[in-house]
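In this note's numbering, the protein residues as written are -17 to 115.
Where a beta carbon is used, it is the ideal one built from N, C-alpha and C, also for glycine.
Bear in mind that the values here come from a model prediction, so they are computed numbers and not experimental data.
Right, one structure below, let's go through it.
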């Protein structure tokens, strides 16, 4: 988790290749995708996905990892969102436990790049053949 938070993608990759147990959360129960999202670590996010670590879970606080990235204020946070959607299979229309959408959260931060990434993903999803049936 420390390597995820620090953005040390090479260290994360090495540890996972040696069998590090990513299912052991830190003291508050956050896992690697939570830390990478919160800190805006796109390279770490890619490494986690490369090791087939799914971002498809909700922390006991009611938020999935992608929301931690959406709360961020940098372009790196927007890039984490893009990676989680494009490579991790997270739906851009995901909502939190209260029904608040990812786009709503992104819009509240006021970070144009984050809003743009989410809007583009939603538009792309609506235009895909599987959604036109």
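- Distance from the CA of residue -8 to the CA of residue 45, rounded to the nearest whole angstrom, comes to 27 Å.
- For residue 95 against residue 57, the beta-carbon gap comes to about 5 Å, under 8 Å, which counts as contact.
- Within the segment 30 to 88, the runs of alpha helix (DSSP H) that reach at least 4 residues and sit entirely inside it are, in chain order, 47 to 52 and 57 to 68.
- Taking all protein chains shown into account, residue 42 has fewer than 16 neighbouring C-beta atoms within 10 Å of its C-beta and is therefore exposed.
- Residue nearest to residue 105 within the set -4, 83, 75 and 82 is 75 (criterion: CA-CA distance).
- Of the candidates 1, 31 and 59, the residue whose Cα lies closest to the Cα of residue 91 is 59.
- Contact check for residue 33 and residue 66: beta-carbon distance about 15 Å, past the 8 Å limit, so the pair fails to qualify.
- The C-beta distance from residue -11 to residue 23 rounds to 5 Å, short enough to fall under 8 Å.
- Going by beta carbons, residue 35 and residue 12 fall outside the 8 Å limit.
- Across the structure, residue 28 and residue 68 are spaced so that their CA atoms are roughly 11 Å apart.
- For residue 108, the uninterrupted alpha helix (DSSP H) segment begins and ends at 94 to 108.
- With a 10 Å radius around the Cβ and a threshold of 16 neighbouring Cβ atoms, residue 81 comes out exposed.
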